[in-house]
Structures are given as C-alpha cells and as structure tokens.
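A.B. asks: Under my numbering, the letters of the sequence shown match residues 1404 to 1802, in that order. Glycine residues also receive a C-beta, built at the ideal position from the N, C-alpha and C atoms. No experiment lies behind these values; they were computed from the predicted model shown. Supplied in structure tokens, the structure appears directly below.
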Amino acid sequence: MKLTAEEQAMADGKYGPGTQLAMQVLIAIGEAYDAPYMVPVTRTHVALSNQEADLWFAEKLAKGGAHCRVRPTVNPSFNPEQLNAICPVEAADMEIVQRTHAAYNQLGAIMTYDCTPYLERNVPRYGEVISFSESSATPFVNSVYGARTNREAAQSALCSAVTGVTPYYGYLLDENRAGDILVHVEAEMKSDFDYQMLGYVAPSKTGFGVPVFDGLENPTKESLMNLGAQLNTGGNVALYHIIGFTPEAKVWGDPFQGKKPKKEVTITQADLDGMQKELTAPGGKIDFALFGCPHFTIDQVATIAQMVKGQQFAVPFFVMTSSLTRRLAQKMGYFDILRAAGGEIVEDTCMDQPCWKFLYGKKGITDSPKCTYYTKRRQMEFVIAPLEECVEAALKGVY
Ligand code: F3S
C-alpha cells in the first residue's frame, strides 16, 4: 500500500508500539482487500464488548501508549451501581468491566456505552468517511445517512480511531455501493415490529450483497434501527437502499448505478409471519420482559409509559436505553410511571453482558429477534411479539 509519510512513521513506531500495532493491523487489512492507500476518517464507533479478546487488544494498545486521534463512541457495557440494585454482579465480571473501562478511557474513547450513537452523539453526514463497528449502527449510517464505512470489527474501528485513517476499499468506493438485489416488499409493513421481521427474513432470500427495497414508505427511525439490527442477525448486510427514501436511492435516483439487479426476490406477509413463528418460544406464562436491543428511543419509552400508567406489571420489566434517553425519561415523567408500575429503565447496558444472570433459564418476552439470538447461549428463551403485545403480556404475566 502507498502510505503517507505520517502513516509510515506510525507503522515504523515513531508514536510508540500501540499506534504501530494499530497501523500494522490496518495495513494488513488493506493488503488483504487490495486497498491502494489509506483515507482519513472523521468519526469512529467501537463495539466494545467486555469480552476477553476485546480487553486483551484494548489493553495492548493502551500499554503501548496509543491514544485516539479520532475519539470513538463505544457500545454498551454495564453500570455496576445501577445493576447491583437489581442483581449483584460477580467479582470476575466486575473486574473485566473495570479493566475494559480503564483501557478505553486511557485510549481516549468517549465512554457513551450506547449502541445507537447514530441517533444522539455520533451522527455522520452524507458522504462522510467513517469507521463504525456495531452491527445495527453500520447499516444505519451507511444506508440512512449515506455516510461511508465498511462493516468494521471493534478492533479495526479502534485501530482507525488511534491512527485516524482506514484502508480505501469496500463500501468506501462508489461502485461497491450499487444495489445488487431488488427486494419487492409485499408485506403490510404497518409497525416498527414488521421491520424486525423483514430484516431477519431478507438475507435468507437475498444472500450476500446490497439489497434495494421497493415498497417501503417513510419508515420511522425505530423501524430503520430494527431493520439494520436484524439484517445483521439473520445475515450480514452493511448497506441497503430503499427506493425513494434513502439518499443514494433518491438523490442519485438510481441505486443500481445503471446496472441490472443480479436477482429479484419478493417478501410477503406470510414470510414475516412464518419467521416470527420460527423464532419465538411458545406462548403461555412468562417470567420477565426485556426491551432495548437496540437501545430504545424516548418515543418507544413514551409508548410504554402511556400503556402502563396506573397499572402494575405482573413480571420484572426492563428497558435498556442510553444514559441520555434515561435522563430524558426522568425529566419527562416516563421514568416515574414505569417505576410505579414495577418496571426499570437500565442505562448503558446490553442483554449480551454478563449482568443478567438472574434471568438465565427463564422465559422472557421481547420485540427483538436480535435479543433472542444473543441470549440463546445464555440459556434464556423469548417469546417475540410487537411491543404493544409484549407490554400487555407483561401486565398479565402471560402471552
Ligand atoms: Fe445493542 Fe447489545 Fe442489542 S449492543 S443492538 S443491545 S446486542
């Protein structure tokens, strides 16, 4: 790869072994993908996970003196003080959380602990070259805003944060952003939940490539969050277009860039209903309700508060949000309504963190297939249903 003098200096160790390693990783990725050179990034988001490999790499960079030139926002961890009140956190888990926090803090990350940074604290503009990991964030920034990122790993995004550059390949290039598969959506698409199912079903029909959806009208931001999250749970999709809606299918006018789609598929209501049946646990008695995968917006919290005002949940009820949304819910009275009903808004965390051990072996209800996918390895099972049906079930204790 052709490197600038500054990039070469980083690779040669002028800024210490941490920055050197970060640049070496990016050079290796660039060479693997035949990237001719690096390009600067102006934003980064790292899917910090509190898992051993993530911690090992972050500590290695930090011990090597690395510091982020483009400070990243980061994915959820957990807030021990808040969670200790719900369930005591084990010492080994606490140690990993504290060490991960210390390493990323030392690297200069912005400790947002949120998986929807694209809505609140790290919002790119059209055409901006960025480096984002997090499976629901990458398709949102690429598709909805028209920013440019590859589907980064936490480690490659962190290397870009440290060095300020990324190899020029993949979805950074105009020609790779063209649509491949035309997806005719004939399902009704009347709620945010329908987009969860559409996202999960679509990759099974499209395979690998850039899907172009036809038949989706003015989806909400929550629908788009859901679509991106599930496209990367049922499959592997960093970029999609929606005809007449997303910028590269509206401003440019032709998401296929003058080529014919390689394939056309149709998704019907029966496909969505069939996938819901396949993914959900059987109905009946439930033990808890858990939402916020991805983190709920203030509008989703408001929907719940309006439904449960003056009532009592029959089972433990949790909503995961960013700390900003939780604070907003406090200011707007939603927090008190949920608390009075026996529910809790939990900030900064994810159901894939080891802080939900008291729910292992139990059956919950949620609106998110991604939530059920990640918790299978933690012996949790979920009924999957639209948010309003989930809230009704949590009030009765049965679905
Ligand atoms: Fe967010 Fe964790 Fe779900 S990062 S999208 S809550 S798996």
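Give the DSSP bridge partners of K1405, in chain order.
C.D. replies: In the DSSP output, where bridge partners are listed per residue, K1405 has Y1440.
A.B. asks: Does W1459 pass the burial test, meaning 16 or more other C-beta atoms within 10 Å, or should it be called exposed?
C.D. replies: So W1459 counts as exposed.
A.B. asks: If contacts are defined as beta-carbon pairs under 8 Å, then E1462 and M1441 qualify, I think. What distance do you get, rounded to the angstrom?
C.D. replies: With a Cβ gap of about 25 Å, E1462 and M1441 do not count as contacting.
A.B. asks: Out of L1741, V1722, Y1737, point me to the one whose CA is closest to W1759's CA.
C.D. replies: Here the closest residue by C-alpha is V1722.
A.B. asks: Just the Cα atoms here: how many angstroms apart are A1414 and P1614?
C.D. replies: The straight-line gap from Cα to Cα measures roughly 37 Å.
A.B. asks: Can you check the stretch 1603-1650 for any alpha helix (DSSP H) of at least 4 residues that lies completely inside it and give the ranges in chain order?
C.D. replies: As far as the stretch 1603-1650 is concerned, its whole alpha helix (DSSP H) runs of at least 4 residues are 1624-1637.
A.B. asks: Going by DSSP in three states, V1565 sits in which element: helix, strand or coil?
C.D. replies: Of the three classes helix, strand and coil, the one that applies to V1565 here is helix, per DSSP.
A.B. asks: Can you name, in chain order, every residue of its own chain whose Cβ lies under 6 Å from the Cβ of I1740, other than the five neighbours on each side?
C.D. replies: These residues qualify, in order along the chain: A1708, K1712.
A.B. asks: Roughly how many whole angstroms lie between the Cα atoms of E1455 and D1751?
C.D. replies: Going from the Cα of E1455 to the Cα of D1751 covers about 19 Å.
A.B. asks: Given the structure, does K1773 come close to ligand 1, in the sense that its CB is under 8 Å from one of the ligand's heavy atoms?
C.D. replies: Correct: K1773 has its Cβ closer than 8 Å to ligand 1.
A.B. asks: Would you list the residues sitting across from S1536 in a DSSP beta bridge?
C.D. replies: DSSP lists E1555 as partners of S1536.
A.B. asks: Identify which residue in A1465, Q1714, M1754 has its Cα closest to the Cα of E1745.
C.D. replies: Looking at the sequence provided, one finds Gly at residue 1745 rather than Glu. Comparing Cα positions, the closest option is Q1714.
A.B. asks: Confirm the yes/no value for this check: CB of M1723, any heavy atom of ligand 1, distance under 8 Å.
C.D. replies: Yes - ligand 1 has a heavy atom lying nearer than 8 Å to the Cβ of M1723.
A.B. asks: Throw me the rounded Cβ distance for the V1477 and V1444 pair, which I believe falls under 8 Å.
C.D. replies: Not really, about 16 Å apart at Cβ, beyond 8 Å.
A.B. asks: Mapping the DSSP letters down to three states, classify P1570 as helix, strand or coil.
C.D. replies: Here P1570 sits in strand by DSSP.
A.B. asks: Near S1539, what residues of its chain come up, given a Cβ to Cβ distance below 8 Å and the 5 sequence neighbours on each side ignored?
C.D. replies: Here the set comprises C1518, T1519, M1628, G1631, A1632, N1635, P1697, K1773.
A.B. asks: I'd like the span of the alpha helix (DSSP H) that includes F1721, first residue to last.
C.D. replies: It is not in any alpha helix (DSSP H) - F1721 instead sits in the beta strand (DSSP E) that spans 1720-1724.
A.B. asks: Per DSSP, S1480 is paired with what?
C.D. replies: BP columns for S1480 point to T1752.
A.B. asks: At a cut of 8 Å, does the stretch 1577-1597 reach the stretch 1662-1676 through at least three beta carbon pairs?
C.D. replies: These segments touch.
A.B. asks: Less than 8 Å between the CB of M1754 and some heavy atom of ligand 1, yes or no?
C.D. replies: True, at least one ligand heavy atom lies under 8 Å from that Cβ.
A.B. asks: Among P1719, G1602, D1657, I1787, which one has its Cα closest to the Cα of P1542?
C.D. replies: The residue with the shortest Cα to Cα distance from P1542 is G1602.
A.B. asks: Please report the straight-line C-alpha distance between A1641 and R1554, rounded to a whole angstrom.
C.D. replies: Going from the Cα of A1641 to the Cα of R1554 covers about 6 Å.
A.B. asks: So the alpha helix (DSSP H) H1504 belongs to, where does it begin and stop?
C.D. replies: H1504 -> alpha helix (DSSP H) spans 1494-1510.
A.B. asks: Could you pull the start and end residues of the alpha helix (DSSP H) that L1675 belongs to?
C.D. replies: 1672-1682 is the extent of the alpha helix (DSSP H) around L1675.
A.B. asks: For ligand 1, I want to know if G1610 counts as a neighbour, meaning its beta carbon is within less than 8 Å of at least one of the ligand's heavy atoms.
C.D. replies: For ligand 1, not one heavy atom lies less than 8 Å from the Cβ of G1610.
A.B. asks: Taking 9 Å as the threshold (C-beta atoms), are L1619 and A1564 in contact?
C.D. replies: For A1564 and L1619, no; Cβs fall outside 9 Å.
A.B. asks: Could you give the DSSP three-state label for K1666: helix, strand or coil?
C.D. replies: Three-state DSSP puts K1666 in a strand.
A.B. asks: Nearest to I1646 by CA position, among P1439, Q1660, V1801, M1735, is which residue?
C.D. replies: Looking at the Cα atoms, Q1660 is the closest of the given residues.
A.B. asks: With 16 as the cutoff for other CB atoms within 10 Å, does E1625 come out buried or exposed?
C.D. replies: Label assigned to E1625: buried.
A.B. asks: By how many angstroms is the C-alpha of E1791 removed from the C-alpha of A1717?
C.D. replies: Their Cα atoms are separated by approximately 15 Å.
A.B. asks: Going by beta-carbon coordinates alone, are C1812 and F1699 separated by less than 9 Å?
C.D. replies: Residue 1812 lies beyond the range of the chain shown here (1404 to 1802); nothing can be said about it.
A.B. asks: Residues in its own chain within less than 8 Å of A1438 by CB, not counting five upstream and five downstream?
C.D. replies: Closer than 8 Å at Cβ, skipping near neighbours: M1404, I1432, P1570, Y1571, Y1572.
A.B. asks: Report yes if the C-beta of E1537 is less than 8 Å from at least one heavy atom of ligand 1; otherwise report no.
C.D. replies: Answer for E1537: yes, Cβ within range of ligand 1.
A.B. asks: Closest by CA to V1784, which one among R1742, Y1529, D1690?
C.D. replies: The question names Val, but residue 1784 in the sequence shown is Glu. Checking every option, the nearest Cα to that of E1784 belongs to D1690.
A.B. asks: What's the C-alpha gap between F1596 and A1505?
C.D. replies: Approximately 37 Å between the Cα atoms of the pair.
A.B. asks: Among N1487, G1549, S1534, Y1548, which one has its Cα closest to the Cα of Q1558?
C.D. replies: When only C-alpha atoms are compared, the closest one is S1534.
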